[in-house]
Amino acid sequence: MLDQRSRTAGSATAAGLIIKIAVLAVVAALAVWAASPLIAAEAWWGLALEAAVVVVIFYVYLQRRAIQLKYLIPGTMLLLAFQILPVVMTIGTSFTNYGDGHRVDKEQATEAIIAAGVQQTPGGTTYLVAIGEDPAGELTLLLTDQADGSTWAGTEAGLTELDGATLDDTGRVTAAPGYTVWDLAELNERQAELTALAVPTGPETGIKLQGLSAFEGQSTRSYSETCDCITDSATGTVWTADDDRGSFLDEDGKAALVGWRVNIGAENYLDVITDPDIRGPFLGVFTWNVMFAAGSVLFTFAIGLGTAMALNKESMRGTKLYRTFMILPYAMPSFAMLLVWAQMFNRDFGLINDLFNLDVNWYGGTWSARAMVLIANTWLGWPYMFLICLGALQALPADSLEAAKIDGATGMTAFRKITLPLLLIALTPLLISSFAFNFNNFNAIELLSGGNPFMAGDAVGGTDILITYAFRQAFGSSSADYGFASAISVFIFLIVATISAFMFRFTRNQEDVYS
Amino acid sequence: MTRTPDTAAAQRPAARRRKPLFVKWAMDTGWRHVVAIAVLVFGLVPIIYVVSAAFNPNGTMSSTNLLPTSFSLNNFQKLFTDDNVPFASWFMNSLMIAIPAAFISIFISSLAAYAFSRFRFKGRRPMLLFLLLIQMFPAFLAVVALYLIFGNLGEFYPVVGLNTRLGLMLVYMGGALGVSTWLMKGFFDTIPKELDEAATIDGATHAQIFFGMILPLAAPIIAISGILAFVGTMNDFVLASLFLTDRPEMTLAVGLKTLTAENSPASYFGIFAAGTLLTSVLTVAVFMSLQRYIVSGLTGGAVKG
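The listed protein sequences correspond, in order, to chains W and V. Be aware that the first sequence starts at 1, since it is given in the UniProt record's numbering, and climbs by one per residue. Be aware that the second sequence starts at 1, since it is given in the UniProt record's numbering, and climbs by one per residue.
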């Protein structure tokens, strides 16, 4: 109705027109700004995408037929870019072997392996080196040419010129825009990655690290297309490409350090089922994940409901005061309170051991750590449950309770037979979404226990839930496995989607929201 | 714990049976106070502990008790003078990310909510359902992909890459869209459509109806969704820890974590507590002033369902 009428009466006012032109001008300016780096990098697909976005925006705001689009477009674009695209990419990555050792494409991997065989040639260029990460988080050599002082950034993908770097007195790079430069402590920690790194500069030349300087030289290795293999003329080793695994394998089947990114199908998923080294920890994590979520909901609901029942009496004094204080834990910033709880469980000086005269190493044992996580998470969640229970209690139909009273049901019986069932009907959707929330409660685990305790040599901590487990696989201190981490994320998606579907079935009257 | 009016009234004719009356009071109301106080103790202990630690002059965990024994502003002073603790810039970073992100995402959501509430078009129902579905996948589940996307984006546009506040803000903006669009659509639906029609007859355009009428009428729900988005952003740890790694660039959540026992010397515990307390002042003030709205907002969904 409305849209039809505004179609005829839709002539914009002068002010509206000016605003519209101004907004479109800003869009155009942004588009020009955004286009230049894409052109410089010759990223034509990116440019085409950008042009398409701009055309859509201009079209939508200059047409007069579909007015709803003018209101939907900003949200749709944001949603596409930062919610839907990441989800799609996560699914895509879960079918690859993307991760440390498999970051680049085959050509770059070949070059990197050849570069690793570089021997210093007399008179070759030498560089001063600083080490760090580029904006994409990849290991980077920040090089200063000792002959002419020019600065370069080298990764296993190749060498690029580095602009705007800050140098110290000796000429070493100390900072560069977008790059993180490591200090000595971090250098020591990641020594292993460094020794393997070589920067390819040509078909058979490369830059290799030697202490805190680097040299460019000729490689003893060469790639041959006929056998799809790399031969090292100095040692006689032959690496043959395995396109299914994305690695070069030597005669003993040992993979070279740098491989490339390939599609490995459902292997990341199948590993969970077939690989006993993964299946065991995964099942443990999954079981605890369900226990954690269910336990959190159960305890918070029990305390919240109990408190709400207690305060649900009009003639009682001080309810307002009680309520104000009970909201306090809910109003405190949750991340900070999680950190406080983590401190309270400190073995030597923590409040809990102090108060109860205990000497429990809470983080030491799996079950004590789990108990701790549940206690703290209950503390964080019960005020919310209290609030919604109180609201639901006050909205219960008074006549059914009245009728129960007349029929002689009092106290516990009335609660069990009347109040609780009625409450559960109203609150089940919220309980389920609370379960879904806690199922993915990254903050609670990461900030309370950090996944501890870790048994020797285990990548999985005793309190790790799926999402923290995935996070550790991708960004933990050991090597990154983005593919597997993404597969776990997809698995979590599926679980949460199942829970949501269940919830939709339960609340059919959601339907009238659409009318 | 005073007597309630009705027991007091019942007391006069039966003054001799004092003891049974007390029993009746205990059965009726007394246990309620017992439960409430017990729960309050559980609820307030960590908060009292933080306060006590924040004002503890020593600042170490071993010298902190539940109840404060002495008082000093030492920790607060260090919070702003210690070179290792750029608390002021963490605070500013959090605000500078959370406030614009909340504002922009609420504005964009209100636009979408208006379209869903007032226009009938093809694909409206599937879009609404899709929105409901996508908001159940929190942004951090796709954290690997976000990390890779922004790593790539940073190569072309350094201003929005990893380790930039603008990049993080964009992610937060996208994350808050689904929930607030639904929340606001529900509210817009309760604004009578007759108002729109009257305005249209008076010659108002759709934009004038939206900005001049709907937005002012929906001020309460906009405030609530804004605050929910703001608090959610303030509390985020996973994305912030991944995006912002330079110490002065960190948000409060990431920064305060670096002050805890496993990352810092023992004497930083008091500073950590002081920082926590200052952060809390902000969120508690917001919650307390809007207590009524938040309670009805939370329970509204429950009771309607």
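The beta carbon of each residue, even a glycine, is placed where N, CA and C say it ideally should be. Because the structure is a prediction, the values reported are computed rather than measured.
Would residue i pass as an interface residue toward chain V - the criterion being a Cβ-Cβ separation below 7 Å?
{"i": "S486(W)", "result": "yes"}
{"i": "A331(W)", "result": "yes"}
{"i": "S434(W)", "result": "no"}
{"i": "Y269(W)", "result": "no"}
{"i": "N289(W)", "result": "no"}
{"i": "F454(W)", "result": "no"}
{"i": "P135(W)", "result": "yes"}
{"i": "S368(W)", "result": "no"}
{"i": "T8(W)", "result": "Confidence at T8(W) is low in this model, with a pLDDT of 40, below 50, so its placement is unreliable and the value that follows should be read with caution. Closer than 7 Å: no."}
Using the Cα positions of residue i and residue j, report the straight-line distance between them to the nearest angstrom.
{"i": "A414(W)", "j": "V281(V)", "result": "42 Å"}
{"i": "V460(W)", "j": "T468(W)", "result": "9 Å"}
{"i": "F286(W)", "j": "A234(W)", "result": "50 Å"}
{"i": "E446(W)", "j": "V60(W)", "result": "44 Å"}
{"i": "F139(V)", "j": "G408(W)", "result": "Going by the sequence as given, residue 139(V) is Ala instead of Phe. Their backbone Cα atoms lie some 52 Å apart in a straight line."}
{"i": "A147(W)", "j": "G99(W)", "result": "36 Å"}
{"i": "G46(W)", "j": "T76(W)", "result": "19 Å"}
{"i": "T13(W)", "j": "D202(V)", "result": "14 Å"}
{"i": "V45(V)", "j": "F335(W)", "result": "17 Å"}
{"i": "F502(W)", "j": "W31(V)", "result": "38 Å"}
{"i": "I73(W)", "j": "I39(W)", "result": "26 Å"}
{"i": "A199(V)", "j": "G212(V)", "result": "10 Å"}
{"i": "P5(V)", "j": "P397(W)", "result": "Low confidence applies to P5(V): its pLDDT is 49, below 50, so where it sits in the model is not reliable, and the reading given next is rough at best. Cα-Cα distance, rounded: 25 Å."}
{"i": "S486(W)", "j": "V496(W)", "result": "15 Å"}
{"i": "L166(V)", "j": "A240(V)", "result": "12 Å"}
{"i": "V262(W)", "j": "N441(W)", "result": "32 Å"}
{"i": "S94(V)", "j": "T251(V)", "result": "5 Å"}
{"i": "L339(W)", "j": "W379(W)", "result": "13 Å"}
{"i": "D271(W)", "j": "P192(V)", "result": "56 Å"}
{"i": "P135(W)", "j": "Y157(V)", "result": "10 Å"}
{"i": "E186(W)", "j": "E133(W)", "result": "11 Å"}
Pick helix, strand or coil for residue i, following the three-state DSSP scheme.
{"i": "K313(W)", "result": "coil"}
{"i": "A199(V)", "result": "helix"}
{"i": "G132(W)", "result": "strand"}
{"i": "I191(V)", "result": "coil"}
{"i": "P203(W)", "result": "coil"}
{"i": "R165(V)", "result": "helix"}
{"i": "S219(W)", "result": "strand"}
{"i": "Y172(V)", "result": "helix"}
{"i": "Q510(W)", "result": "In this prediction, Q510(W) scores a pLDDT of 42, lower than 50, which makes its location untrustworthy; the coordinate-derived value is nonetheless stated afterwards. Residue state, collapsed to three classes: helix."}
{"i": "L30(W)", "result": "helix"}
{"i": "C227(W)", "result": "coil"}
{"i": "D277(W)", "result": "helix"}
{"i": "D145(W)", "result": "strand"}
{"i": "E161(W)", "result": "strand"}
{"i": "A43(W)", "result": "coil"}
{"i": "G10(W)", "result": "With a pLDDT of 44 at G10(W), under the threshold of 50, the modelled position of that residue is not reliable, and the figure given next carries that caveat. Residue state, collapsed to three classes: coil."}
If you measure between the beta carbons of residue i and residue j, is that distance less than 7 Å?
{"i": "F187(V)", "j": "I221(V)", "result": "yes"}
{"i": "T181(V)", "j": "A88(V)", "result": "no"}
{"i": "N438(W)", "j": "A302(W)", "result": "no"}
{"i": "D196(V)", "j": "I209(V)", "result": "yes"}
{"i": "L448(W)", "j": "A342(W)", "result": "yes"}
{"i": "V373(W)", "j": "T463(W)", "result": "yes"}
{"i": "S267(V)", "j": "F349(W)", "result": "no"}
{"i": "residue 320(V)", "j": "P86(W)", "result": "Residue 320(V) lies beyond the range of chain V shown here (1 to 305); nothing can be said about it."}
{"i": "A157(W)", "j": "V238(W)", "result": "no"}
{"i": "S489(W)", "j": "L132(V)", "result": "no"}
{"i": "G217(W)", "j": "T121(W)", "result": "yes"}
{"i": "F345(W)", "j": "W367(W)", "result": "no"}
Since residue i and residue j should fall inside the 8 Å C-beta cutoff, what is the C-beta to C-beta distance between them, to a whole number of angstroms?
{"i": "Y127(W)", "j": "A214(W)", "result": "5 Å"}
{"i": "L66(V)", "j": "L168(V)", "result": "L66(V) to L168(V), Cβ: 37 Å. No contact."}
{"i": "P248(V)", "j": "P86(V)", "result": "5 Å"}
{"i": "A253(V)", "j": "A176(V)", "result": "Not a contact, Cβ separation roughly 16 Å."}
{"i": "I131(W)", "j": "L194(W)", "result": "7 Å"}
Mind checking whether the beta-carbon of residue i lies closer than 6 Å to any heavy atom of the ligand COA?
{"i": "F243(V)", "result": "Judged by which ligands are present, the structure shown has none, so any question about the ligand COA falls away."}
Using a Cβ-Cβ distance cut-off of 7 Å, determine whether residue i contacts chain W.
{"i": "I271(V)", "result": "no"}
{"i": "F287(V)", "result": "yes"}
{"i": "M92(V)", "result": "no"}
{"i": "A8(V)", "result": "Reliability fails at A8(V), whose pLDDT of 48 lies under 50, so the model's placement of it is uncertain and no value is given."}
{"i": "A302(V)", "result": "Residue placement at A302(V) is flagged as unreliable, the pLDDT there being 35, under the threshold of 50; the coordinate-derived value follows with that caveat. Chain W contact via Cβ: present."}
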